[in-house]
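Let me begin by presenting the structure, written as structure tokens, before commenting on it.
Number of protein chains: 2
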Amino acid sequence: MEDVAAFAGVSRSTASRALNDDAYVSAAAREKVLAAARDLGYSPNQAARSLVTRRTGAIAVVLSEPEDRLLDDPYRAAVMRAGYRELADVGRQMVLIFSDTREDLSRTVRFLEGGHVDGALVFAPHRADPLPKALRLLRIPVVFGGQAAGIRRGVHVVDFDNEGGARLAVEHLVAAGRRRIATVAGPQDQSAPIDRLAGWRKTLLNAGLDPADLVEEADFTLSGGANAMSALLARHPDLDAVFVASDMMAVGALRTLDAAGRRIPEDVAVVSFDDNATLAPAMDPPLTSVHQDPREQIHAMVETLMQLLQDQNLKPRQQILPVSLAVRASS
Amino acid sequence: MEDVAAFAGVSRSTASRALNDDAYVSAAAREKVLAAARDLGYSPNQAARSLVTRRTGAIAVVLSEPEDRLLDDPYRAAVMRAGYRELADVGRQMVLIFSDTREDLSRTVRFLEGGHVDGALVFAPHRADPLPKALRLLRIPVVFGGQAAGIRRGVHVVDFDNEGGARLAVEHLVAAGRRRIATVAGPQDQSAPIDRLAGWRKTLLNAGLDPADLVEEADFTLSGGANAMSALLARHPDLDAVFVASDMMAVGALRTLDAAGRRIPEDVAVVSFDDNATLAPAMDPPLTSVHQDPREQIHAMVETLMQLLQDQNLKPRQQILPVSLAVRASS
DNA sequence: AGCCGATCTGGGAGCGCTCCCAGGTGTGGC
DNA sequence: GCCACACCTGGGAGCGCTCCCAGATCGGCT
Chain A
2 MEDVAAFAGV SRSTASRALN DDAYVSAAAR EKVLAAARDL GYSPNQAARS
52 LVTRRTGAIA VVLSEPEDRL LDDPYRAAVM RAGYRELADV GRQMVLIFSD
102 TREDLSRTVR FLEGGHVDGA LVFAPHRADP LPKALRLLRI PVVFGGQAAG
152 IRRGVHVVDF DNEGGARLAV EHLVAAGRRR IATVAGPQDQ SAPIDRLAGW
202 RKTLLNAGLD PADLVEEADF TLSGGANAMS ALLARHPDLD AVFVASDMMA
252 VGALRTLDAA GRRIPEDVAV VSFDDNATLA PAMDPPLTSV HQDPREQIHA
302 MVETLMQLLQ DQNLKPRQQI LPVSLAVRAS S
Chain B
2 MEDVAAFAGV SRSTASRALN DDAYVSAAAR EKVLAAARDL GYSPNQAARS
52 LVTRRTGAIA VVLSEPEDRL LDDPYRAAVM RAGYRELADV GRQMVLIFSD
102 TREDLSRTVR FLEGGHVDGA LVFAPHRADP LPKALRLLRI PVVFGGQAAG
152 IRRGVHVVDF DNEGGARLAV EHLVAAGRRR IATVAGPQDQ SAPIDRLAGW
202 RKTLLNAGLD PADLVEEADF TLSGGANAMS ALLARHPDLD AVFVASDMMA
252 VGALRTLDAA GRRIPEDVAV VSFDDNATLA PAMDPPLTSV HQDPREQIHA
302 MVETLMQLLQ DQNLKPRQQI LPVSLAVRAS S
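Line by line, the protein sequences give chains A and B.
Each number in our numbering corresponds to the 1-based position in the first sequence with 1 added.
Each number in our numbering corresponds to the 1-based position in the second sequence with 1 added.
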């Protein structure tokens, strides 16, 4: 920078001000500095800058999930992409972190602690995940996507209304005259699927229907959904609707139903959760699904984090984003 | 760090050496420092460290591709994941960068130039992509995954043997007695699909078969594959085999063939490319596919980059990784 | 004319670390 | 017993930047 300043005929300080477009720089000086920087191919050293400013301009996006799940989970892919965009829009660089094994945990903590990033957006759906608790001890601003495992208060969370979404789905089925409404639930060690199952159960009870024995748990995969559907069908050949806790599992359920000769939606109506843009409308028949927008979630998370960066004492916020029902041919 | 040193009763220098486990520190001193660091909850400031060492410990993985493609491209997802792992294994942090629009280009260049990372692994499959050329001007070590657009020499590349893979596929079909072997090619503005198409053509000619009019180009998507297959079937109802340039397109082709009443492999044999672990074996029938391992590619790229970090003058290397044919029921 | 405040500039200090160098201590060989 | 050479330690310098402060310049107002 010294060189640039000399080349432009000004002092280091003035060059710095021009480069960071601070106030109190004459237009002439600013232009000379900018021209010099261009001619000399200069770009400021970020390490030096963040050493004194104590901020890096980078934000971590932490995905704490088993490895295999990330590969074919389209929702996570959307989160990465949206995270990148939303952060870029506020001039921040995304640093992706996959935290899976226990060994990753300490690495992740060390990284977040090391001053590489100014804050973190954390997705840790599993209730037993030790990461959220470990993060509490750090002085780095964190916003969680979905409920933080084992922590109820004092953290910033942006979640979707999972229970409300399930209610929408089941009410829709009840209104269509369905009486034997089963569900393929997601893993009950995560809060989102727990809430979805609860919503299904409550809504059935409200409608005077009996949920007993109409639940089958699966692992959010295609084959898991297919197997769960088989089990349900074996126990209750007369079921006339099913609420599936994710699109991917619904694809599996669809296959099973098809193989069992059930017409959809005539014999069995299907409603799922996620409304994944590439999956849900592409099925045969297109899936009715509870719509949640990853971009919207990330946007809210970034917004909260930016405020947190301004004011560390921002009082903890639990944002619950509304969901809607995208009705298609499967119901 | 000063505090840690004081607490441990040693000097700043000794503390630094202990923390970086340099040579020439007594075991006693090292332990005292480590204990002090633990007790004080100290973690070194990375900005200060990289200011003097001139390295950050971070490596960028740049994906230069249209946004929509990343979401459902399982190969890219595997690349991200493998990149994270392989880099973690050599003690480096991955910084993911999506570079799509032209506006992203300058942002990407600025970022890579800013000293945030020590090197970059770049995937830029499109021939018209301006990124590779822009990167040439930077003094940052770069290794390309797949051919770099518009650059033939002077860069480090780790690619798969696309043409050889296509040859394997077609030779397999010829050996099985197929005579009318069509192809669903990928976008011809990328080198991988170009090479695959060339391999198909050459192998047909070598076998004394006529490739004329048996090509249909598609965009690597499921629906693109389905449409291309329809077009081929319309022109050549008598085709008895098809080489599809990606698994995803093959899934589409399978649907079209099924809808047209063709039995697979009896009427039409299908061979695809990628051998995606979740997709290819899960199809009905399971797909014969040319196997390429993203992990292997990333591994080679990381290895080359690490050498490049040691020795900037490493002579440019073009590594072509071999592929194999995973034979399954579709052929 | 004189003064005051707004605008602009340059130098100094220091962010937290690593590296170099000078010096101290111990150990083995002659 | 003394030197040479390992091994270990502490202080100083400096990485490239931003921020603070003191001072300079300039216009506008009394």
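Glycine included, each C-beta is placed from N, C-alpha and C at the ideal position.
Note that the structure is a prediction, hence the values are computed from the model and not measured.
Beta-bridge analysis with DSSP links Ile321 (chain B) to B:Asp160. Look at the region 17 to 48 of chain A: the residues with a C-beta under 8 angstroms from a C-beta of chain B are Ser44, Pro45, Asn46, Gln47 and Ala48. Cβ neighbours of Ala149 (chain B) within its own chain (closer than 7 angstroms, five residues either side excluded): Ala125, Pro133, Val156 and Val158.
Proximity of chain A to His117 (chain B) at the Cβ level (cut-off 9 angstroms) is accounted for by Gln47, Ala48, Thr57, Gly58, Ala59 and Gln94, in chain order. Sequence-distant partners of Val123 (chain B) (beyond 5 residues in either direction) whose C-beta falls short of 6 angstroms from its own C-beta, in its chain, are Val63, Val143 and Phe145.
Per DSSP, Ser51 (chain B) is one residue of the alpha helix (DSSP H) stretching across Gln47 to Thr54. Here Trp201 (chain A) is not near Phe161 (chain A), since their CB atoms are 8 angstroms or more apart.
In the three-state reduction of the DSSP assignment, Ser273 (chain A) falls in the strand class. Neighbours of Phe112 (chain B) in chain A, taken as residues at a C-beta separation under 8 angstroms, are given in chain order as Gln94.
At a cut-off of 8 angstroms, the C-beta of Phe8 (chain A) has no neighbouring C-beta in chain B. Close to Ser51 (chain B), with beta-carbon spacing below 7 angstroms, are these residues of chain A in chain order: Ala48.
Per DSSP, Ala6 (chain A) is one residue of the alpha helix (DSSP H) stretching across Glu3 to Ala9.
The bridge partners DSSP lists for Val216 (chain B) are B:Thr184. Contact annotation: Val185 (chain B) and Ala229 (chain B) have beta-carbon atoms nearer than 8 angstroms. Considering only B:Gly116, B:Arg39 and B:Val34, the residue with the shortest C-alpha distance to Ala48 (chain B) is B:Gly116. Taking 8 angstroms as the threshold, the shortest C-beta distance from Phe221 (chain A) to chain B does not fall below it. Met307 (chain A): member of the alpha helix (DSSP H) spanning Pro295 to Gln311, first to last residue.
Taking a C-beta distance under 8 angstroms as the contact criterion, Thr15 (chain B) and Ala30 (chain B) qualify as a contact pair.
Considering only beta carbons, the part of the region 78 to 109 of chain A lying closer than 9 angstroms to chain B consists of Ala78, Ala79, Met81, Arg82, Tyr85, Arg86, Ala89, Gln94, Met95, Val96, Leu97, Ile98, Phe99, Asp105 and Arg108, in chain order. Our two residues, Ser192 (chain A) and Leu288 (chain B), have alpha carbons roughly 37 angstroms apart in a direct line. Residue pairing from DSSP places Val243 (chain B) in a beta bridge opposite B:Ala183 and B:Val271. By the beta-carbon neighbour count (other beta carbons within 10 angstroms, threshold 16), Ala176 (chain A) is exposed.
With at least 16 other beta carbons inside 10 angstroms of its own, Tyr85 (chain A) counts as buried.
Counting of Cβ neighbours within 10 angstroms places Ser12 (chain A) among the exposed residues, the total staying below 16.
In this structure, the CA atom of Leu280 (chain A) is about 15 angstroms from the CA atom of Gly226 (chain A). In terms of Cβ geometry, Leu174 (chain A) and Ser332 (chain A) form a close pair [threshold 8 angstroms].
Apart from the 5 residues on each side of it in sequence, Ile141 (chain A) sits with its Cβ closer than 8 angstroms to the Cβ of Leu113, Glu114, Val118, Asp119, Gly120 and Ala121 in its chain, given in chain order. Straight-line spacing of the CA atoms in Gly178 (chain A) and Ala208 (chain A) works out to 11 angstroms. Look at Ala61 (chain B) here: in three-state DSSP terms it is strand. Following the DSSP letters along the chain, one finds Phe112 (chain A) in no beta strand (DSSP E) but inside the alpha helix (DSSP H) bounded by residues Arg103 to Glu114. For Phe99 (chain A), the beta-bridge partners assigned by DSSP are A:Leu64. In the structure shown, His292 (chain B) falls within a strand segment according to DSSP collapsed to helix, strand and coil. One thing to note: Pro194 (chain A) has its Cβ within 8 angstroms of the Cβ of Ala246 (chain A).
Using a Cβ distance threshold of 8 angstroms, Val324 (chain A) and Gly147 (chain A) do not count as a contacting pair. Residue pairing of Ala327 (chain B) in beta bridges, as defined by DSSP: B:Ser290.
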